[in-house]
DNA sequence: TTGTACGCGTTATCAA
DNA sequence: TTGATAACGCGTACAA
């Protein structure tokens, strides 16, 4: 096969090296692996032979023996979306520093495709699996598998599994605390799809802080979709029902962009009259907004790193079932600040 | 190792299956691989035994035998950027339909890190390598490697390598042709970093069409950075020097957003007075612009698919050196249209 | 139709 | 200090 010019024959093996160095494969192996059971001079000879042949050990053969592949499988459901990429980066980061490789698959939200990929990965004897969801709601467990599994972003429904998620309640809390510190007291909430648990969690966080401060929510939270259009429409509703509103908490940056536009067109100043907050800290949106958008950063890279670390520990036998909740952080920008009458 | 509850012992092997079915490993192998040298009844017995044990063949062992790993290495330099993701999706797509797996590494624009990852991947005996660049300029070749290599998005400097790139000249052409069809004749260009070859290629495409139409470029192309801020500043320059400009071709959507803002604040209507085009078709920017931004889509997923196909062919012995140029397409939206005086 | 034996490239054990 | 040998899990001639 492949008689093509630039891509020639089979890579050199350890026996090639041994032969060239005039030793047995066993001695060659020891020399290259730093075992101190070989004469220094012999080792030199083997090493230079290896370099001469540009030898690199066949990891497959090594793994076959050890039973471990030194690779993990990463199944994502949202490769084109923006949530899985930072998570994936964090995982790759954590893995790359060690010696483990990452096998990437995109299941695109399809359970069948996921099942297929999981089987393929198990066939490759990955040491562990990381499943990255597309939306933050709990998902069915893959059930018991021969290797450890960590669910990232979207947790498993089974609490015996290992999951890593973003702290949505905290996301609501930090926003509410910030707004109160800014002196706001008539705070409305506009958020997305009510079928998202995360939407409710964020609202719960806001409500807890406001109730604690004796302020309360202005009106009921408005659920809709994660779009700019809904942001605009909802803002019109809020202004009609509560003309004295002085802050709008949004469930996403996308929604917040729509809210900002509608407020401007209604003659409200941001943040002088009404403060606005987003969620996700999607910089392309947040930094192109006028004014720049205060938002909540979910620390997704950290989430990915934690998931990877959890997985590596589990591979080493230290299983920590349960859901690890990664704190988020507020990123204050121009869309919030003190009131100006 | 790993005495933890949920993640038990070594996966079943072919001999386990054979023993349970009461046959030899050879017969078991033939049965499961569809060789027609076994009695149907025996095959049934083996298959049910395999299912009972939840057996999945050890791909590592199989590969060790065949010499091929059935995996390709994907080294990206721009995981957080938006250009490599679609390319990566296309590649994953092409690979997933077959039986090959993708090993993902992020080199983050660092040549040393790239070298490290390439060595690690070669150690895993990947059948081929795909290198995805962060910017479209030619990059140094990795030189002769024991497996085929395809460079995607950023081509190799060595024409003997296989590369797949976006057609930037065509990108300029389609935009210019569209603007001329819209009746524009005083067309200026605002683009990004002059060290990007792609910036010059796109200008060359615009210039070729305008010259051919006897229209010519209005002023010299303005090179700067790929930012909104530069878009605004450059627009101020253009309006000062050529108040009668009726179209501005931008080197990126980001720049175009700045151009649109500055035009609006200068009292020009888009597209009635001035038409504006972008490049990249980054929908988050293009569809949030007012009006929606006409842009050039580089078909990056197609680029990734082609790169993968090229790589698979090379692995099968069909090497096609040279640079494959993927056509782009115009996506007309509200920011262009006929003039209105 | 089935089973035996060998090899893929490596590491570990044990004897020399 | 070195080398022969046995695994690891699988596919495949070849022999039965």
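Residue numbers (full-length UniProt numbering), protein chains in the order written: chain A, 1 to 341; chain B, 1 to 341. All C-beta atoms, glycine included, are put in the ideal place defined by N, C-alpha and C. Keep in mind it's a predicted model, so treat the numbers as computed, not measured.
Contacts around residue i, its chain only, beta-carbon distance under 8 Å, and the 5 residues preceding and following it disregarded
i, result
"residue 274(B)", "245, 246, 247, 248, 263, 268"
"residue 25(B)", "14, 15, 18"
"residue 326(A)", "164, 165, 166, 167, 298, 299, 302, 303, 306"
"residue 235(A)", "190, 248, 258, 259, 262, 263, 266"
"residue 59(A)", "70"
"residue 200(A)", "194"
"residue 332(B)", "178, 294"
"residue 186(A)", "218, 242, 244, 245, 246, 247"
"residue 105(A)", "73, 74, 75, 76, 117, 120, 121"
Neighbourhood of residue i by C-beta, 7 Å cutoff - its chain only, sequence neighbours within 5 removed
i, result
"residue 38(A)", "27, 30, 31"
"residue 99(B)", "70"
"residue 311(B)", "72, 128, 130, 148, 150"
"residue 340(B)", "272"
"residue 160(B)", "321"
"residue 338(A)", "182, 183"
"residue 43(B)", "31"
Rounded C-alpha distance that separates residue i from residue j
i, j, result
"residue 282(B)", "residue 206(A)", "33 Å"
"residue 220(B)", "residue 110(B)", "35 Å"
"residue 167(A)", "residue 328(A)", "6 Å"
"residue 305(A)", "residue 189(B)", "43 Å"
"residue 225(B)", "residue 118(A)", "44 Å"
"residue 291(A)", "residue 285(A)", "11 Å"
"residue 294(B)", "residue 215(B)", "21 Å"
"residue 228(A)", "residue 79(A)", "22 Å"
"residue 209(A)", "residue 107(B)", "43 Å"
"residue 253(B)", "residue 61(A)", "49 Å"
"residue 141(A)", "residue 77(A)", "15 Å"
"residue 237(A)", "residue 336(A)", "21 Å"
"residue 152(A)", "residue 87(A)", "8 Å"
"residue 211(A)", "residue 180(A)", "11 Å"
"residue 53(B)", "residue 232(A)", "57 Å"
"residue 115(B)", "residue 223(A)", "50 Å"
"residue 64(A)", "residue 278(A)", "50 Å"
"residue 240(B)", "residue 313(B)", "54 Å"
"residue 94(A)", "residue 94(B)", "27 Å"
"residue 41(B)", "residue 81(B)", "56 Å"
Opposing strand residues paired with residue i [DSSP bridges]
i, result
"residue 72(B)", "102(B), 128(B)"
"residue 152(A)", "132(A), 164(A)"
"residue 66(B)", "According to DSSP, residue 66(B) bridges with nothing at all."
"residue 336(A)", "According to DSSP, residue 336(A) bridges with nothing at all."
"residue 330(A)", "296(A)"
Own chain, CB closer than 6 Å to residue i, minus 5 neighbours either side, in chain order
i, result
"residue 178(A)", "330"
"residue 155(B)", "138, 163, 165, 323"
"residue 92(A)", "102"
"residue 280(A)", "252, 253"
"residue 1(A)", "Because the pLDDT of residue 1(A) is 33, which lies under 50, any placement of that residue in the model is unreliable, and the number read from its coordinates should be weighed accordingly. Counting only Cβ-Cβ distances below 6 Å, and skipping sequence neighbours, we find nothing."
"residue 143(A)", "none"
"residue 334(B)", "291, 292"
Member of the options whose CA lies at the smallest distance from the CA of residue i
i, options, result
"residue 123(A)", "151(B), 126(B), 112(B), 57(B)", "57(B)"
"residue 194(B)", "187(B), 203(B), 186(B)", "203(B)"
"residue 125(B)", "102(B), 238(B), 135(B)", "102(B)"
"residue 197(A)", "60(A), 161(A), 83(A), 251(A)", "251(A)"
"residue 33(A)", "183(A), 20(A), 50(A)", "50(A)"
"residue 11(B)", "146(A), 40(A), 87(A), 135(A)", "146(A)"
"residue 75(B)", "112(B), 52(B), 65(B), 42(B)", "112(B)"
"residue 308(A)", "288(A), 279(A), 96(A)", "96(A)"
"residue 173(A)", "255(A), 213(A), 105(A), 334(A)", "213(A)"
"residue 55(A)", "314(A), 67(A), 181(A), 21(A)", "21(A)"
"residue 276(A)", "132(A), 199(A), 90(A), 175(A)", "175(A)"
"residue 135(B)", "83(B), 121(B), 120(B), 171(B)", "83(B)"
"residue 171(B)", "319(B), 143(B), 41(B), 296(B)", "296(B)"
"residue 288(A)", "256(B), 319(B), 270(B)", "256(B)"
"residue 315(A)", "67(A), 45(A), 40(A)", "67(A)"
"residue 45(B)", "89(B), 23(B), 230(B)", "23(B)"
Next item on the list: Mind listing, in chain order, the continuous alpha helix (DSSP H) runs of no fewer than 4 residues lying wholly within the region 103-130 of chain A?
Entry: 111-123
Margin query: If we require 4 or more residues per run, which alpha helix (DSSP H) segments fall completely within the region 165-208 of chain B?
Written below: 168-181
Note to self: Please give the ranges of any beta strand (DSSP E) in the region 10-39 of chain B, keeping only runs that are unbroken, at least 3 residues long and fully inside the region.
What the structure shows: none
Item checked: Sequence ranges, beta strand (DSSP E) only - wholly within the region 259-290 of chain A, length at least 3 -> 275-277
Next item on the list: Write down every uninterrupted run of the alpha helix (DSSP H) in the region 206-265 of chain B whose length is 4 residues or greater and which is fully enclosed by it, in chain order.
Entry: 228-241, 253-265
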